[in-house]
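Undergrad: Quick one: this structure, given as structure tokens, is what I'll be asking you about.
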Amino acid sequence: MISIVGTGGASNQSSNYGVNVTGTNSIISAAGNLVSVTGTGGGLTATGDNSGIVLQAGGKISNTGLGDVMINASGSSFGGANIGMMIFGAGSGVFTTDGDINVIANGNGASNTTNNLGALIFNQGVIQSTGNGNVEVTGTGGIGSGTGQVGVSLSSLNSGIFSTHGDVTVNGNGGGSGISNASHGIRILSGAAIASTGSGHVFVNAQGGPGTGSNNSGLVMQNTDSRISSSSGNITVTGTGGSTGVSGSTLGISMTSGSKINAQNNGNILLQATGGPGSGSNNYGMSVNDADIQTTDGNITIQAMGGGTGTSASGIGLNMGTTSLILAGGAGQVIIEATGGPGSGAGNYGAELSAAGTLITTDGGNLQMTCTGGGASGSSNNNGLNMSSGASIKAGGNGQTIVTGTGGLGENLSNLGIRVSGANTKISSSGGNVIINGTGGGSGAGGSSHGVYIESGGVITAELAGHVMVTGTGGPGTGTSNQGIVIINTGAAITSGGGDIEIIGVEGGGSSGVGFVTSNFGAVSSVANGGNISIAANSMVIQSALATSSTDTFFLKPLDAGEDIQLAITGDPIGGPLQLTDA
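Residue numbers (numbering that gives the first Met the number 0): 0 to 582.
And the structure:
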């Protein structure tokens, strides 16, 4: 066994490291026995950069054979910019073959300081097991009230934490106190990675810091090729936003600017994300912008819950924009459960897809989304699923697309179940069935909470012989216009590529909750490719074309058995009978 304990000196200068291994030929190593290294930064009150353990310019801690490495690193309690463990420079790192690596790193620092990180790995520094050894790194940010008390920070290409056939686990806890901000649990930047290159699984657990400042997110991934990946093992990521008080913009998981989560071969991906509890806005569960999540043949499961409390708004469960991609390859399925936050402000969507090129898809497996709006008493516009600006949901091959959306519980207007809005915004399939079920939310005197709302170029369709089944139920509020299904404005449509279309519209509460509405060139049509159409509702307002091909059948009927169909009578009584007029 090799055991090393180092404590930095009590100097009034900076860089009082507990253990410092510098240079290509500088190494702490064993050939099978345990290697244990403990380092604590030193310094005095006014100093900084007093790290516990530093490996730089090729310095190493290693063990071969079955030998383990155990590291406990703590930054100084004096000054700021103290790092528990810092690794940088080509060749620098912690290495085993079949032995395990366990690293515990704490930033510490003084109470009013910034950038006290638990573990910092950059410029080609690594922690790596090349055989069957497991790797576990736990980093906790410091206690300072300033910015950047990050648990684990990885930065630059070829830097990161890696295993081969063993599992890799990274736990990051943002630190901070008082008004601290940007104290993420884990951040992965500029091409750095957490990865298993063999059969090992990957586990990432990220908790944002508790300060009252903004952006204390759980997991933050930025820049091209920053990644969490596996070659054949599963990936499990849990991200929880921190922050309290009036803080906002605190996300569970944030992916931007070319970052990736990818599982190859049969590896599955499970992502669990919860936005922070502050009363500010934009506490998303998970945000994916110009980033992608992919498997080769495994499933992708996302469970995202918006955060917020009190008057917070835009506590979106899953937010996607700017050419983002979720793709389950091969026979893999996509399963998404997204829930909006509980704030009383507006826009607590279950899921929002809001940019051209944004796509959730499969190669051939089923695609299933369950989206529930959030909100509280008095809030509005808490849609279950909100799609716009050319975003798309599409199961490939013969996979089915199944989308369920439920509006939030606010007492004000427009808590829609599912909204599909804008040119090229589409829910579809390549050949399987498309099954849509939208239920308006709202309560009390709430109104305009439609079950399914398709507008201004939005489309629900199935290609080839896939059937389209759309069920919309208006919200229960006693206000006006809680419609079951609304198709409105030019380009809005329900169509098929040859399969049948079945539509069921259920009236909501209040005095004018019609079951099915088309207006201003909104359409239901199978003219181009054929297919029967069936529309069932106890009340309908049809102000634009409904059409089948000349060889198919159009069924228009009351929803409830026994309801009459009356001709040449004006008005649309809620609950029936179904009345048809020429105007």
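For glycine and all other residues, C-beta sits at the position ideal for the given N, C-alpha and C.
Given the structure is predicted, the values throughout are model-derived calculations rather than measurements.
Express the C-alpha separation of Ile301 and Ile459 in angstroms, rounding to a whole number.
TA: Counting from one through the sequence shown, the residue named residue 459 turns up at place 460. Counting from one through the sequence shown, the residue named residue 301 turns up at place 302. So the two alpha carbons sit approximately 23 Å from each other.
Undergrad: Between Val20 and Ala345, what straight-line distance do the alpha-carbon atoms span, to the nearest angstrom?
TA: Residue 20 sits at position 21 when you count from the first residue of the sequence shown. Residue 345 sits at position 346 when you count from the first residue of the sequence shown. Rounded to the nearest angstrom, the two C-alpha atoms are 54 Å apart.
Undergrad: Under three-state DSSP, which class holds Asn62?
TA: To locate residue 62, count along the sequence shown from 1; it is residue 63. If DSSP states are grouped into helix, strand and coil, Asn62 belongs with the strands.
Undergrad: Quick one: give me the first and last residue of the beta strand (DSSP E) that Ser229 is part of.
TA: Here residue 229 refers to the residue found at position 230 when the sequence shown is read from its first residue. 226-229 is the span of the beta strand (DSSP E), which, as asked, contains Ser229.
Undergrad: Could you give the first and the last residue of the continuous beta strand (DSSP E) run that contains Thr295?
TA: Residue 295 sits at position 296 when you count from the first residue of the sequence shown. Counting along the chain, Thr295 falls outside any beta strand (DSSP E), and DSSP gives it neither H nor E.
Undergrad: In terms of alpha-carbon separation, which member of Gly79, Gly98, Gly41, Val53 lies closest to Gly64?
TA: Position 65 of the sequence shown, counted from the first residue, corresponds to residue 64. Among Gly79, Gly98, Gly41, Val53, the Cα nearest to that of Gly64 is on Gly98.
Undergrad: Within 10 angstroms of its Cβ, does Asn11 collect 16 or more other Cβ (buried), or is it exposed?
TA: Indexing the sequence shown from 1 puts residue 11 at position 12. Asn11 should be labelled exposed.
Undergrad: With 16 other CB atoms within 10 Å as the buried threshold, where does Val4 fall?
TA: Working through the sequence shown from its first residue, we reach residue 4 at position 5. Per the 10 Å Cβ criterion, exposed.
Undergrad: Within the segment 449-526, note down every full alpha helix (DSSP H) run reaching 4 residues or more, in order along the chain.
TA: Segments of the alpha helix (DSSP H) lying fully in the segment 449-526: there are none.
Undergrad: Could you tell me if Asp559 is buried or exposed, where buried requires 16 or more neighbouring beta carbons within 10 angstroms of its beta carbon?
TA: For the purposes of this step, residue 559 is identified with residue 560 of the sequence shown, where counting begins at 1. Burial call: exposed.
Undergrad: Run through DSSP, which three-state label would Asn381 get?
TA: As a first step, residue 381 must be located in the sequence shown, where it is residue number 382. Coil, per DSSP.
Undergrad: Determine the burial state of Phe77: buried for a count of at least 16 other Cβ atoms within 10 Å of its Cβ, exposed for fewer.
TA: Locating residue 77 in the sequence shown gives position 78, where the first residue counts as 1. So Phe77 ends up on the buried side.
Undergrad: Apply the 10 Å Cβ neighbour rule to Gln542 and answer buried if 16 or more other Cβ atoms are within range, or exposed otherwise.
TA: Counting from 1 along the sequence shown, the entry for residue 542 is found at position 543. Gln542 is exposed by the Cβ-count criterion.
Undergrad: Taking 8 Å as the cut-off, decide whether the C-beta atoms of Leu358 and Leu324 are in contact.
TA: Residue mapping note: residue 358 aligns to position 359 of the sequence shown, counting from 1. Residue mapping note: residue 324 aligns to position 325 of the sequence shown, counting from 1. Taking 8 Å as the Cβ cut-off, Leu358 and Leu324 qualify as a contacting pair.
Undergrad: To the nearest angstrom, how far is the alpha carbon of Asn557 from that of Glu506?
TA: Looking up residue 557 in the sequence shown gives position 558. Looking up residue 506 in the sequence shown gives position 507. Inspection of the sequence shows that residue 557 is occupied by Pro rather than by Asn. Whole-angstrom Cα-Cα distance: 12 Å.
Undergrad: Suppose the cutoff is 6 Å on Cβ atoms and the five residues either side in sequence are ignored; what does the same chain contact list for Met85 look like?
TA: If you number the sequence shown from 1, residue 85 lands on position 86. So the qualifying residues of the chain are Ser50, Val53, Leu119.
Undergrad: How big is the Cα-Cα spacing for Ala492 and Ser154?
TA: As a working mapping, residue 492 is identified with position 493 in the sequence shown. As a working mapping, residue 154 is identified with position 155 in the sequence shown. Answer to the nearest angstrom: the Cα atoms are 47 Å apart.
Undergrad: Taking its Cβ as the centre, do 16 or more other Cβ atoms sit within 10 Å of Pro209, making it buried, or is it exposed?
TA: For this step, residue 209 is matched to residue 210 along the sequence shown. The residue is buried, with at least 16 neighbouring Cβ atoms inside 10 Å.
Undergrad: For the segment 33-79, list the alpha helix (DSSP H) runs that are entirely contained and at least 4 residues long, ordered along the chain.
TA: Correct list: empty.
Undergrad: Over the uninterrupted beta strand (DSSP E) stretch that includes Ser152, give me the two end residues.
TA: Here the question's residue 152 lines up with position 153 in the sequence shown. 151-154 is the extent of the beta strand (DSSP E) around Ser152.
Undergrad: Would you kindly work out how many angstroms separate the C-alpha atoms of Gly173 and Val236, rounded to a whole number?
TA: Translated into the one-based positions of the sequence shown, residue 173 becomes position 174. Translated into the one-based positions of the sequence shown, residue 236 becomes position 237. When rounded, the distance between both Cα atoms is 16 Å.
Undergrad: Are Gly483 and Phe515 closer than 8 Å when you measure CB to CB?
TA: The residue labelled residue 483 in the question sits at position 484 within the sequence shown. The residue labelled residue 515 in the question sits at position 516 within the sequence shown. In contact: Gly483 and Phe515 (Cβ atoms closer than 8 Å).
Undergrad: Give the secondary structure of Leu412 by DSSP, where H, G and I count as helix, E and B as strand, and everything else as coil.
TA: Here residue 412 refers to the residue found at position 413 when the sequence shown is read from its first residue. In the structure shown, Leu412 sits in coil (DSSP, three-state: anything other than H, G, I, E or B).
Undergrad: What does the Cβ neighbour count give for Asp67, buried or exposed, with the cut at 16 atoms within 10 Å?
TA: Position 68 of the sequence shown, counted from the first residue, corresponds to residue 67. Asp67 should be labelled buried.
Undergrad: Can you grab the Cα-Cα spacing for the pair Ile534 / Asn381, in whole Å?
TA: As a working note, residue 534 is residue 535 in the sequence shown. As a working note, residue 381 is residue 382 in the sequence shown. Approximately 27 Å, taken between the alpha carbons.
Undergrad: Helix, strand or coil for Glu562, going by three-state DSSP, please let me know.
TA: Within the sequence shown, the letter at position 563 stands for residue 562. Of the three classes helix, strand and coil, the one that applies to Glu562 here is coil, per DSSP.
Undergrad: By DSSP's criteria, Leu250 is part of a beta bridge. Which residues make up the other side?
TA: As a working mapping, residue 250 is identified with position 251 in the sequence shown. Beta-bridge pairing links Leu250 to no other residue.
Undergrad: With three or more beta-carbon pairs closer than 8 Å as the criterion, would you say the segment 473-480 touches the segment 451-465?
TA: Touching, no.
Undergrad: Only counting the same chain, and skipping five residues up and downstream in sequence, which positions put a Cβ closer than 6 Å to that of Ser313?
TA: What you label residue 313 is simply residue 314 of the sequence shown in a count that begins at 1. So the list reads Ser280, Asn281, Gly346, once near-sequence residues are dropped.
Undergrad: What does a CB cutoff of less than 6 Å around Gly590 pick up in its chain, not counting 5 residues either side in sequence?
TA: Residue 590 lies beyond the range of the chain shown here (0 to 582); nothing can be said about it.
Undergrad: Please classify Pro572 as buried or exposed, where buried requires at least 16 other C-beta atoms within 10 Å of its C-beta.
TA: On the sequence shown, position 573 is the one that residue 572 refers to. That one is exposed.
Undergrad: For Gly8, is the classification buried or exposed, using 16 other Cβ atoms within 10 angstroms of its Cβ as the cut-off for buried?
TA: The count along the sequence shown starts at 1 and reaches residue 8 at position 9. Gly8 comes out exposed.
Undergrad: Determine whether the beta carbon atoms of Gly373 and Gly320 lie at a separation below 8 Å.
TA: For this step, residue 373 is matched to residue 374 along the sequence shown. For this step, residue 320 is matched to residue 321 along the sequence shown. No.
Undergrad: How about Ser128 and Thr168: do their beta carbons lie closer than 8 Å?
TA: The residue labelled residue 128 in the question sits at position 129 within the sequence shown. The residue labelled residue 168 in the question sits at position 169 within the sequence shown. No, these two residues do not count as a Cβ contact at 8 Å.
Undergrad: Between Gly389, Glu351, Ser388, which has its C-alpha nearest Thr371's C-alpha?
TA: Taking the sequence shown and counting its residues from 1, one reaches residue 371 at position 372. Of Gly389, Glu351, Ser388, the residue nearest in Cα terms is Glu351.
Undergrad: When burial is assigned at 16 or more other CB atoms within 10 Å of the CB, is Met0 buried or exposed?
TA: The residue you call residue 0 lines up with position 1 of the sequence shown. Under this definition Met0 is an exposed residue.
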